[in-house]
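Peer 1:
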Amino acid sequence: MFSQEKELFIRQKANEHIPYMNEKILWSMHAVRKLRTERFKKNEIEGLLKECILVEDYVMVGRPLPGCLVLGHVGIIAVHVVIAIDIDNGRILIITLYKPSDDRWEDDWKRRKFNG
853 MFSQEKELFI
863 RQKANEHIPY
873 MNEKILWSMH
883 AVRKLRTERF
893 KKNEIEGLLK
903 ECILVEDYVM
913 VGRPLPGCLV
923 LGHVGIIAVH
933 VVIAIDIDNG
943 RILIITLYKP
953 SDDRWEDDWK
963 RRKFNG
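The opening position of the sequence shown corresponds to residue 853 in the working numbering, with each subsequent residue numbered one higher.
1) Just the Cα atoms here: how many angstroms apart are Asn-967 and Arg-956?
2) Is the beta carbon of Leu-945 sitting closer than 8 Å to the one on Asp-954?
3) What does the Cβ neighbour count give for Leu-860, buried or exposed, with the cut at 16 atoms within 10 Å?
4) Under 8 Å Cβ to Cβ from Arg-863, same chain only, skipping five residues before and after it: list those, please.
5) Would you mind stating whether Asp-940 and Ser-855 have Cβ atoms separated by less than 8 Å?
6) Pick out whichever of Met-881, His-932, Leu-906 has its Cα sitting closest to the Cα of Ile-897.
7) Using only CA atoms, which one of Lys-893, Leu-949, Leu-921, Lys-886 lies nearest to Arg-963?
8) Please state whether the Cβ-Cβ distance between Lys-858 and Leu-906 is less than 8 Å.
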């Protein structure tokens, strides 16, 4: 699956997702804990996935599912979300989420800073 296809798949599943009725977004326990520490609500993160931008595409080596890092916003706050894509079951899994820090990311939150 190419990067653009991953981005479209994530957006599509986020738009199809209806909690408790048509579950297309699953959450890892780690991601649920990160919700609390980062002070977000599930619906805010699920909502930002409808218009997310793929930032990094991860290789499959050592991973059971294809994955990627996406960028979205809750209001004016940038949020990075690591997603695993379950094509066979037509859903996505949120692995973790965090607010990107300006010491590690460029101003657009799409590119890592390189020290060297």
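For every residue, glycine included, the Cβ atom is placed at its ideal position computed from N, Cα and C.
Peer 2: The short version:
1) 9 Å
2) Cβ distance not < 8 Å, so Leu-945 and Asp-954 don't count as in contact.
3) exposed
4) Leu-901, Lys-902, Glu-903, Cys-904
5) no
6) His-932
7) Leu-921
8) yes
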